[in-house]
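Oh and the sequence shown: position 95 is 89 in our numbering, straight run, nothing missing.
Note that CB positions come from ideal geometry on N, CA and C, so glycine has one too.
Computed from a prediction, not measured in an experiment: that's the story for all the values here.
Contents: one structure, followed by commentary.
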Amino acid sequence: MSSNKGKHIWVIGASSGIGEALAQELASQGATLALSARRKDALQNIVKNLSGTGHISCPVDVSDINALQTTASDIKKKFERIDSVIFLAAIYSAHDKKKKDIGFMHKMLNVNVGGAFNVVETIAPIFETQGSGQIVLCGSVAGYRGLPYGQPYCATKAAIINYAESLKIELEPENIDVKLISPGFVRTPLTDKNDFPMPMMIEANDAAKAIARGITSGAFEIHFPKKFTFIMKTLRLLPTWLYFKISRQMKKKQ
Ligand SMILES: NC(=O)c1ccc[n+]([C@@H]2O[C@H](COP(=O)([O-])OP(=O)(O)OC[C@H]3O[C@@H](n4cnc5c(N)ncnc54)[C@H](OP(=O)(O)O)[C@@H]3O)[C@@H](O)[C@H]2O)c1
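In structure tokens:
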């Protein structure tokens, strides 16, 4: 997409944090939005306060494929086309280091990864019929490598990175542009749960600006803040034995 002005964009995971800030940023740039998440009241309140007109609130649980398909067809009826879908929905828990909740681990997999599968399977046929479209999935630098005490969240984000890479090439012939968002630490209700230091943390509106710019660029990956993602990308390039050495030190500090 060359610009967000005049585009119809479906933001999923828009009821708080990065998604809410992104909705505000995209609306201020002249996009018309469909906003989804589970919390109906929060979405309606955000829609009410957006600049511009024509925005709609479409509450849905991404783990429910049937509900997503109904939502997508409702949006398609209201908007003449959908130009971009941005999948930001995720759940997270700052787990106790020793005792993990297996039920919540499966739920996280179901929302963070299963939700992405559901969204892509819902939107790809619509984009194929339209002749074009854009799918933006949100990973994390936490998915670059297995971080001590990072599971299962890191594993869900590693899956998103891998999935986006596959889709990028698979969907190119259909004229569907696939992008990956890789945030470092951003101040949101998700990171408010953490009790450990979060270096180079940025505000949600700065993350939103980077994403709004990134979806109009030619780059596959939208990553920020650059100084932090550079460090994380360097860790990704290290041989496993060296990464484990550094990782053991990181674990000792926690
Ligand atoms: N904040 C960071 O530092 C950071 C870093 C790296 C990556 N990320 C990623 O950035 C994205 C946005 O996170 P955030 O920090 O903005 O957190 P957040 O404020 O907790 O936002 C998460 C969003 O996902 C929605 N959601 C959760 N479960 C859902 C479900 N089953 N169906 C539909 N929507 C659901 C939530 O809304 P409801 O509760 O209303 O459903 C909310 O709108 C996530 O993918 C996260 O993993 C964040």
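query = On the three-state DSSP scale, how would you describe S30?
reply = Along the sequence shown, read from residue 1 onward, the residue named residue 30 stands at position 36. Of the three classes helix, strand and coil, the one that applies to S30 here is strand, per DSSP.
key: Buried versus exposed, by CB contacts within 10 Å (16 or more), F238   = Stepping through the sequence shown from its first residue, residue 238 is reached at position 244. Classification of F238: exposed, given that the 10 Å Cβ count is below 16.
ask   = If you check the beta carbons only, do L20 and L29 fall under 8 Å apart?
value = The sequence position of residue 20 within the sequence shown is 26, counting from 1. The sequence position of residue 29 within the sequence shown is 35, counting from 1. Contact flag unset, no.
task = Measure the Cβ-Cβ separation of C132 and F81 and say whether it is below 8 Å.
result = Along the sequence shown, one-based indexing puts residue 132 at 138. Along the sequence shown, one-based indexing puts residue 81 at 87. Contact: yes.
ask   = First and last residue of the beta strand (DSSP E) that includes H217?
value = Counting from one through the sequence shown, the residue named residue 217 turns up at place 223. That run of the beta strand (DSSP E) goes 215 to 218.
request  = Give every residue of the same chain whose Cβ lies closer than 7 Å to the Cβ of I205, excluding the five residues on either side of it in the sequence, and list them in chain order.
outcome  = Numbered from its first residue, the sequence shown carries residue 205 at position 211. Closer than 7 Å at the Cβ level, and outside the excluded window around I205, lie L16, I175, I216.
query = Where does S9 land, buried or exposed, given buried means 16+ other C-beta within 10 angstroms?
reply = Numbered from its first residue, the sequence shown carries residue 9 at position 15. Burial is judged here by how many other beta carbons sit within 10 angstroms of a residue's own beta carbon; S9 has at least 16 and is buried.
ask   = Looking only at its own chain, which residues have a Cβ that is under 7 Å from the Cβ of R75, when we skip the five neighbours before and after it?
value = Reading the sequence shown from its first residue, position 81 is the one you call residue 75. Within the same chain, R75 has close Cβ partners H2, Q124.
task = Take I120 and list the residues in its own chain whose beta-carbon comes closer than 8 Å to its own, dropping the five residues that flank it on each side.
result = Indexing the sequence shown from 1 puts residue 120 at position 126. Close CB contacts of I120 within its chain, under the 8 Å cut and outside five residues either way in sequence, are with A66, K70, I76, G127 (chain order).
query = According to the Cβ coordinates, are L103 and T150 closer than 8 Å?
reply = Residue mapping note: residue 103 aligns to position 109 of the sequence shown, counting from 1. Residue mapping note: residue 150 aligns to position 156 of the sequence shown, counting from 1. Taking 8 Å as the cut-off, the beta carbon of L103 is found closer than this to the beta carbon of T150.
ask   = If you run the structure through DSSP and keep just helix, strand and coil, what is V105?
value = Taking the first residue of the sequence shown as 1, we reach residue 105 at position 111. Assignment of V105 by DSSP, reduced to helix, strand and coil, places it in the helix class.
query = For V135, does the three-state DSSP call read helix, strand or coil?
reply = Taking the sequence shown and counting its residues from 1, one reaches residue 135 at position 141. Helix at V135.
ask   = Roughly how far, in whole angstroms, is the beta-carbon of A84 from the beta-carbon of D189, given that I think they are within contact range, below 8 Å?
value = For this step, residue 84 is matched to residue 90 along the sequence shown. For this step, residue 189 is matched to residue 195 along the sequence shown. Not a contact, Cβ separation roughly 19 Å.
request  = Could you please give the first and the last residue of the uninterrupted beta strand (DSSP E) stretch that includes D171?
outcome  = Translated into the one-based positions of the sequence shown, residue 171 becomes position 177. Per DSSP, D171 belongs to the beta strand (DSSP E) from 170 to 177.
ask   = Hey, is C132 close to ligand 1, as in C-beta under 7 Å from one of its heavy atoms?
value = Numbered from its first residue, the sequence shown carries residue 132 at position 138. Under cutoff, so the answer is yes.
key: Residue from S(-4), G0, M192 with nearest C-alpha to F73   = Looking up residue 73 in the sequence shown gives position 79. Taking only the C-alpha atoms, the option nearest F73 is G0.
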